[in-house]
Structure formats: structure tokens, C-alpha cells
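Enquirer: Have a look at this one before I ask anything.
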Amino acid sequence: MSLTKKDIVAAITEKRYLSHINAGRAVEDLLEIIKESLESGEDVMISGFGKFCVKEKASRKGRNPATDSTMTLPARRVVTFKCAGILRDKCQT
Numbered sequence: 004m005s006l007t008k009k010d011i012v013a014a015i016t017e018k019r020y021l022s023h024i025n026a027g028r029a030v031e032d033l034l035e036i037i038k039e040s041l042e043s044g045e046d047v048m049i050s051g052f053g054k055f056c057v058k059e060k061a062s063r064k065g066r067n068p069a070t071d072s073t074m075t076l077p078a079r080r081v082v083t084f085k086c087a088g089i090l091r092d093k094c095q096t
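Each number in my numbering corresponds to the 1-based position in the sequence shown with 3 added.
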């Protein structure tokens, strides 16, 4: 089962004694800041958690398996995540 935004808001509400509305706004604001940074091409590093990086992918040749025709896939940007060592260690135990 995945951790959802609703679960995060509920946990913040419980741990920090914030109202559900304020916790929801805080989560939304945080995610919006991260999205805006990634859209502008900036990396986002959260200490003890990891780093979101924007990578440029070059155009490349591809193949449609249904028709077996070749095509050129356009260049694009993708977001990658590199886990921080502290978090990696906690996940391995």
C-alpha cells in the first residue's frame, strides 16, 4: 500500500498539533515549491531524504512493437531520485 497525501496530512495533524486544514496547506505548499523548482530545471535536495534531479534525455530511435515501424522519440526531461545514505540505511534494516 502506498503512502498518500491524505496519510501525510493526517500524520502531520497528529504529530504537530496542526489543524487538518493547516497541515493540508503546508503539504500542498511544499509540493508546489518542489514542482516549481523541478519545472524550472533546478534539482531539489532534502537533507536526510534524497535528491530529485532533472535529467535531459536526448532524442533517440524507437520502434512501435505493434507495427514494427521505427520512429524518432523526441528529447525530453525526466525526474530522477537518488536516496540519501541515511534513508537507504534505514530502509535496509
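We treat Cβ as the ideally placed atom computed from N, Cα and C, and that holds for glycine.
(1) Which residue marks the beginning of the alpha helix (DSSP H) containing Glu45, and which one marks its end?
(2) Around the C-beta of Val81, are 16 or more other C-beta atoms found within 10 angstroms, so that it is buried, or is it exposed?
(3) Any idea which residues DSSP pairs Asn67 with across the strands?
(4) Using DSSP's beta-bridge definition, name the partner residues of Lys60.
(5) Strictly by DSSP, which residues pair up with Lys54?
(6) If you draw a straight line from the C-alpha of Arg79 to the C-alpha of Tyr20, how long is it?
(7) Can you tell me which of Lys8, Ala14, Ala69, Arg63 puts its alpha carbon nearest to the alpha carbon of Leu34?
(8) Assuming the contact rule is C-beta atoms closer than 8 Å, Ala87 and Phe55 should be a hit. Round their C-beta distance to whole Å, please.
(9) Measuring CB to CB, does Val30 end up less than 8 Å from Ile37?
Expert: Checking against the coordinates, here is how it stands:
(1) Counting along the chain, Glu45 falls outside any alpha helix (DSSP H), and DSSP gives it neither H nor E.
(2) Val81 should be labelled exposed.
(3) Under DSSP, Asn67 shares a beta bridge with Ser72.
(4) DSSP lists Arg79 as partners of Lys60.
(5) DSSP, once it has assigned bridges, lists Met48, Lys85 as partnering Lys54.
(6) If I take the Cα positions, the gap works out to 42 Å.
(7) Per the Cα distances, Lys8.
(8) By a beta-carbon distance limit of 8 Å, Ala87 does not contact Phe55. Their separation comes to about 11 Å.
(9) No, they are not a contact pair.
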